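Working notes, beginning with the structure itself.
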Amino acid sequence: MINIKFPDQSIRQYSEGVTGLDIARSISEGLARNVLAIKVNGEVWDATRPIFQDASIRLLTWDDDEGKATMWHSSAHLMAEAIESLYPGVKFGVGPDIENGFYYDIDFGDYQISSDDFKKIEDRMMEFARQKQEFKRRNVSKDEALEYFRRKGDEYKVELINDLEDGSITFYESGQFTDLCRGPHLPNTSPIKAVKLLSTAGAYWRGDEKRKMLTRIYGITFPKAEMLAEFLNMLEEAKKRDHRKIGKELDLFHFSARVGNGLPLWTPRGALLRERLMDFLKKELYKRGYVLVASPHIGNVNLYKTSGHYEKYGADSFRPISTPEPGEEFMLKPMNCPHHCEIYNRKPMSYKELPQRYAEFGTVYRYEQSGVLHGLTRVRGFTQDDAHIFCRPDQLKEEFIGVIDLVIFLFKTFNFNNFITQVSLRDPDNKAKYIGTDENWDKAEQAIIEAAEEKNLNPILAKGEAAFYGPKLDFIVKDAIGRKWQLSTIQVDYNLPERFELEYIGADNQRHRPIMIHRAIFGSIERFVAVMLEHTAGKLPLWLAPTQVIILPVSEKYQIYAENVSQLLKNSEIRSLIDDRNEKIGKKIRDAELQHIPYMLIVGEKEEMNNTVSVRKQGQGDMGSFSIKEFMDAVNNQVQDFL
RNA sequence: GCCGAUGUAGCUCAGCUGGUAGAGCAGCUGAUUUGUAAUCAGCCGGCCGGCGGUUCGAGUCCGUCCAUCGGCUCCA
Numbered sequence: 000m001i002n003i004k005f006p007d008q009s010i011r012q013y014s015e016g017v018t019g020l021d022i023a024r025s026i027s028e029g030l031a032r033n034v035l036a037i038k039v040n041g042e043v044w045d046a047t048r049p050i051f052q053d054a055s056i057r058l059l060t061w062d063d064d065e066g067k068a069t070m071w072h073s074s075a076h077l078m079a080e081a082i083e084s085l086y087p088g089v090k091f092g093v094g095p096d097i098e099n100g101f102y103y104d105i106d107f108g109d110y111q112i113s114s115d116d117f118k119k120i121e122d123r124m125m126e127f128a129r130q131k132q133e134f135k136r137r138n139v140s141k142d143e144a145l146e147y148f149r150r151k152g153d154e155y156k157v158e159l160i161n162d163l164e165d166g167s168i169t170f171y172e173s174g175q176f177t178d179l180c181r182g183p184h185l186p187n188t189s190p191i192k193a194v195k196l197l198s199t200a201g202a203y204w205r206g207d208e209k210r211k212m213l214t215r216i217y218g219i220t221f222p223k224a225e226m227l228a229e230f231l232n233m234l235e236e237a238k239k240r241d242h243r244k245i246g247k248e249l250d251l252f253h254f255s256a257r258v259g260n261g262l263p264l265w266t267p268r269g270a271l272l273r274e275r276l277m278d279f280l281k282k283e284l285y286k287r288g289y290v291l292v293a294s295p296h297i298g299n300v301n302l303y304k305t306s307g308h309y310e311k312y313g314a315d316s317f318r319p320i321s322t323p324e325p326g327e328e329f330m331l332k333p334m335n336c337p338h339h340c341e342i343y344n345r346k347p348m349s350y351k352e353l354p355q356r357y358a359e360f361g362t363v364y365r366y367e368q369s370g371v372l373h374g375l376t377r378v379r380g381f382t383q384d385d386a387h388i389f390c391r392p393d394q395l396k397e398e399f400i401g402v403i404d405l406v407i408f409l410f411k412t413f414n415f416n417n418f419i420t421q422v423s424l425r426d427p428d429n430k431a432k433y434i435g436t437d438e439n440w441d442k443a444e445q446a447i448i449e450a451a452e453e454k455n456l457n458p459i460l461a462k463g464e465a466a467f468y469g470p471k472l473d474f475i476v477k478d479a480i481g482r483k484w485q486l487s488t489i490q491v492d493y494n495l496p497e498r499f500e501l502e503y504i505g506a507d508n509q510r511h512r513p514i515m516i517h518r519a520i521f522g523s524i525e526r527f528v529a530v531m532l533e534h535t536a537g538k539l540p541l542w543l544a545p546t547q548v549i550i551l552p553v554s555e556k557y558q559i560y561a562e563n564v565s566q567l568l569k570n571s572e573i574r575s576l577i578d579d580r581n582e583k584i585g586k587k588i589r590d591a592e593l594q595h596i597p598y599m600l601i602v603g604e605k606e607e608m609n610n611t612v613s614v615r616k617q618g619q620g621d622m623g624s625f626s627i628k629e630f631m632d633a634v635n636n637q638v639q640d641f642l
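Quick note: numbering that gives the first Met the number 0 has the first sequence finishing at residue 642, numbered continuously throughout.
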């Protein structure tokens, strides 16, 4: 007998060789039907794999991320089986589960697969799923594995196997399909009750653009048909919230091929929104001891050679600008930091003057590959809400805490209540590839982790994810429909202080090297606007709305009164418009609602007589009648914290 | 950049197997003078993404370039 410990710490005894499925069945038949996999001592196993030793276990169902992952991984096999049966001779690359579903990279030879083929494949997948095909795990020797796929003519699998250790290789068989696979998998295909293939895409074999491009097919499966319907609804909702669509509808920004792709043009309304965001942030920066600096859009090539950016952005980015002076070249700045380093460098700095916190809404230019451009989230010219903090090593933690506070304050302000954080640390097995001393790295990593813990961030620790120049802390927000966006980043940099020979004079009268912290809260204004629009579905808060109030005269007779109201609002710095079109009030309200204008003021005979406005709040309807002053006070009250 | 798809009026879209462009919304004009999510009528508006080709004839077929979309890769 062996002892099996459950998540609630209770222990039950089972005979050796018991499987997850057996354990589930010993609890209830219902659980046995729902169990997709089992976690054994922290490792996810097939629910059908026998357990021979004492173990802590957790039965995994659809409600567990690992349960979903197992199902989607098995679904990738199911899709591969369906595709192999429909298109014999295709070759398979890799087919993992991903955050929302799974994909498989496939070499279809000469056949050009398209979404028209999806229905056929989905039907075949469901047919196989209903057959309740079992997933059978089998250990194979490297020779046997190679032999199998050589005979099958699948060079991709052969390549994968060649990279594996003999003795660690497993095959999974389901129906007519055998795949090289680590697993785990479902006991059988029956939990898969709904299938949807989502898209095709080209994907380089092993992510290497020099190698062959395979066809990737994305799909998702569910244990219930209703869940698929829900998922498809969510996709619809995401489409409705697409910032590119909202940006057009609300007339915020525009792209012109004549200006150049990836170069956003901000319309009057959009520019206003940007200004509001930047003004708000500036005010916070002053409060928190930052100082604004400013630098030009170009800098001498030598600046970027010193910083190392030339190497990174020189060849594949906008080409340097030449001048009448032979040999003289300037670059559009891809980063603000070199300029800020030179601002720091302008005079000897005392330890008493640190930290220096330089902030700039700096517009930078990077020649992104045409295929990656995407609305406002990926562009070629964008404005970072950038800042660089130059501090002493003993100030690092405190500075981190300061930035974390600012980030949290802003997330709260913008209603991003759901976010995760990640600390990127260096790879402990490969310390050589990082610049900076061992001691400094240890201290910095420690400082970041401590700062994050003090702020209860509960960060994910990602070893080996740090840049070569320093560890960092990233903030990833989840928007209203659960999508993740990386916004804020705080990065330690040992590299630039070195390259720019930054110094301060310490209390010991010796020269010391300051530490530099890069930090951006919004990331870029462009991206932040995009995320805001998708998060709010275009319903911007009052203080950000380009038009805060629209005055709707019931008929032309009240035009003069409407203008009077408008003037009063303007005097009070409330952004308003009059809808003086010859339309009925219902129509004007409808259009204002669709434009998500926070307040509508209906004015007619009653209002003109009593010097009032009838207030309608966007999304909520009629709020009743108020004096103009009452209304203005209420508006000013709501926005005052943001001015 | 690469793979695939798409590109028709300011916006959203229709236009079958090639015969020379259509709707709704927006805009303009007029009528109506309106009370909390679409008043009616008329009008304007298109080198059918650009360039080449096939054809008597191309929005429709072919090539090419550009842009957009979904991915790969990269990143804010």
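Even for Gly, the Cβ is constructed at its ideal location relative to N, Cα and C.
The model shown is predicted, which means the values in this text are computed figures rather than measured ones.
Hey, which unbroken runs of the beta strand (DSSP E) at 3 residues or more fall wholly within the region 415–466?
418–424 and 459–462
Residue closest to Lys135, alpha-carbon to alpha-carbon, out of Thr362, Thr169 and Glu444
As a first step, residue 135 is located in the first sequence; it is residue number 136 there, counting from the start. Minimum Cα distance to Lys135 is reached at Thr169.
Per DSSP, which one or two residues make a beta bridge with Met212?
Residue numbering aside, residue 212 sits at position 213 when the first sequence is read from its first letter. In DSSP, Met212 forms a bridge with Tyr203.
C-beta atoms of Gln383 and Val363 nearer than 8 Å:
Working through the first sequence from its first residue, we reach residue 383 at position 384. Working through the first sequence from its first residue, we reach residue 363 at position 364. Going by C-beta atoms, Gln383 is nearer than 8 Å to Val363.
Taking the straight line between their C-alpha atoms, what separation do you get for Ile419 and Pro458?
Locating residue 419 in the first sequence gives position 420, where the first residue counts as 1. Locating residue 458 in the first sequence gives position 459, where the first residue counts as 1. Roughly 7 Å between the two C-alpha positions.
Could you spell out where the beta strand (DSSP E) holding Ser523 opens and where it closes?
Within the first sequence, residue 523 is the residue found at index 524, counting from 1. Unbroken beta strand (DSSP E) run through Ser523: Ile514 to Ser523.
Completely contained alpha helix (DSSP H) runs for the region 258–304, where each covers 4 or more residues
267–286
Can you round the beta-carbon distance between Lys462 and Leu424 to whole angstroms, since I take them to be within the 8 Å contact cut?
Locating residue 462 in the first sequence gives position 463, where the first residue counts as 1. Locating residue 424 in the first sequence gives position 425, where the first residue counts as 1. Right, the Cβ-Cβ distance comes to about 5 Å (below 8 Å), so this counts as a contact.
Who are the near neighbours of Met125 in its chain, counting only those whose CB is closer than 7 Å to its CB and skipping five residues on each side?
Looking up residue 125 in the first sequence gives position 126. Within the same chain, Met125 has close Cβ partners Val194.
Bounding residues of the alpha helix (DSSP H) (the contiguous stretch that carries Leu331)
Residue 331 sits at position 332 when you count from the first residue of the first sequence. From DSSP, Leu331 is part of no alpha helix (DSSP H) but of the beta strand (DSSP E) over Glu328 to Leu331.
Using a Cβ distance threshold of 8 Å, determine whether the region 336–346 contacts the region 366–382, with at least three qualifying pairs required.
no
Starting from Asp21, trace the beta strand (DSSP E) both ways and give me its first and last residue.
Mapped onto the first sequence, residue 21 falls at position 22. Where Asp21 is concerned, there is no enclosing beta strand (DSSP E), although the alpha helix (DSSP H) it sits in stretches over Gly19 to Ile26.
How long is the line joining the alpha carbons of Val612 and Glu525, rounded to whole angstroms?
In the first sequence, residue 612 corresponds to position 613, counting from 1. In the first sequence, residue 525 corresponds to position 526, counting from 1. Their Cα atoms are separated by approximately 36 Å.
At the level of alpha carbons, what is the spacing between Met0 and Tyr13?
In the first sequence, residue 0 corresponds to position 1, counting from 1. In the first sequence, residue 13 corresponds to position 14, counting from 1. So the two alpha carbons sit approximately 5 Å from each other.
Label Ile245 either buried or exposed according to how many other C-beta atoms from any shown protein chain fall within 10 Å of its C-beta, with 16 as the threshold for buried.
Here residue 245 refers to the residue found at position 246 of the first sequence. Per the 10 Å Cβ criterion, buried.
Using 8 Å for Cβ pairs, my map puts Ile191 next to Ile105. What's the rounded Cβ distance?
Locating residue 191 in the first sequence gives position 192, where the first residue counts as 1. Locating residue 105 in the first sequence gives position 106, where the first residue counts as 1. Contact doesn't hold; Cβ gap of about 19 Å is too wide.
Inter-residue Cα distance where the pair is Glu648 and Phe399
This structure cannot speak to residue 648, because the chain is shown only from 0 to 642.
Which of helix, strand or coil DSSP assigns to Gln566:
Position 567 of the first sequence, counted from the first residue, corresponds to residue 566. Three-state DSSP puts Gln566 in a helix.
Separation of Asp153 from Leu30, as counted between CA atoms:
As a first step, residue 30 must be located in the first sequence, where it is residue number 31. As a first step, residue 153 must be located in the first sequence, where it is residue number 154. In a straight line, the C-alpha of Leu30 is about 39 Å away from that of Asp153.
Do you know offhand how far Glu438's Cα is from Phe474's?
As a first step, residue 438 must be located in the first sequence, where it is residue number 439. As a first step, residue 474 must be located in the first sequence, where it is residue number 475. Roughly 26 Å separates the two Cα atoms.
Residues bridged to Glu172 (per DSSP)
What you label residue 172 is simply residue 173 of the first sequence in a count that begins at 1. Its beta-bridge partners are Lys135 and Thr177.
Extent of the continuous alpha helix (DSSP H) run through Val378:
Residue 378 sits at position 379 when you count from the first residue of the first sequence. Careful: Val378 lies outside any alpha helix (DSSP H) and carries neither H nor E.
Across which residues does DSSP place Phe625 in a beta bridge pair?
Position 626 of the first sequence holds residue 625. In the DSSP output, where bridge partners are listed per residue, Phe625 has Val612.
Can you tell me which of the three DSSP states Pro392 falls into?
Residue numbering aside, residue 392 sits at position 393 when the first sequence is read from its first letter. Helix at Pro392.
Distance, Cα to Cα, Asn232 vs Lys396?
Along the first sequence, one-based indexing puts residue 232 at 233. Along the first sequence, one-based indexing puts residue 396 at 397. Their Cα atoms are separated by approximately 44 Å.
Measure the CB-CB distance between Leu196 and Phe117 and report whether it falls below 8 Å.
If you number the first sequence from 1, residue 196 lands on position 197. If you number the first sequence from 1, residue 117 lands on position 118. In contact: Leu196 and Phe117 (Cβ atoms closer than 8 Å).
Counting pairs of beta carbons, one from the region 535–551 and one from the region 271–284, are three or more of them closer than 8 Å?
yes
Drop a sphere of 10 angstroms on the beta-carbon of Gln619, count the other beta-carbons inside from all chains shown, and report buried for 16 or more, exposed for fewer.
On the first sequence, position 620 is the one that residue 619 refers to. Classification for Gln619: exposed.
Neighbourhood of Met348 by C-beta, 6 Å cutoff - its chain only, sequence neighbours within 5 removed:
Position 349 of the first sequence, counted from the first residue, corresponds to residue 348. Hits under 6 Å: Tyr503.
Pull up the CB-CB distance for Cys390 and Ile573, whole angstroms please, since I reckon it's below 8 Å.
Here the question's residue 390 lines up with position 391 in the first sequence. Here the question's residue 573 lines up with position 574 in the first sequence. Going by Cβ atoms, the distance from Cys390 to Ile573 rounds to 42 Å, so no, they are not a contact pair.
Along the chain, which unbroken stretches of the alpha helix (DSSP H) at least 4 residues long are found entirely within the region 1–84?
19–26 and 28–33
Check each candidate in His76, Gly100 and Ile97 and name the one with the smallest Cα separation from Phe91.
As a working mapping, residue 91 is identified with position 92 in the first sequence. For Phe91, the nearest C-alpha among the options comes from His76.
Would DSSP call Pro186 helix, strand or coil?
The residue given as residue 186 occupies position 187 in the first sequence. DSSP places Pro186 in coil when its eight states are reduced to three.
Considering only DSSP beta bridges, list what Arg123 is partnered with.
In the first sequence, the residue the question calls residue 123 occupies position 124. Arg123 pairs with nothing; no bridge assigned.
Using the Cα positions of Leu163 and His253, report the straight-line distance between them to the nearest angstrom.
Taking the first residue of the first sequence as position 1, residue 163 is located at position 164. Taking the first residue of the first sequence as position 1, residue 253 is located at position 254. Whole-angstrom Cα-Cα distance: 51 Å.
Please state if the CB of Val602 and the CB of Tyr560 are separated by a distance shorter than 8 Å.
Against the first sequence, residue 560 aligns to sequence position 561. Against the first sequence, residue 602 aligns to sequence position 603. Yes, these two residues count as a Cβ contact at 8 Å.
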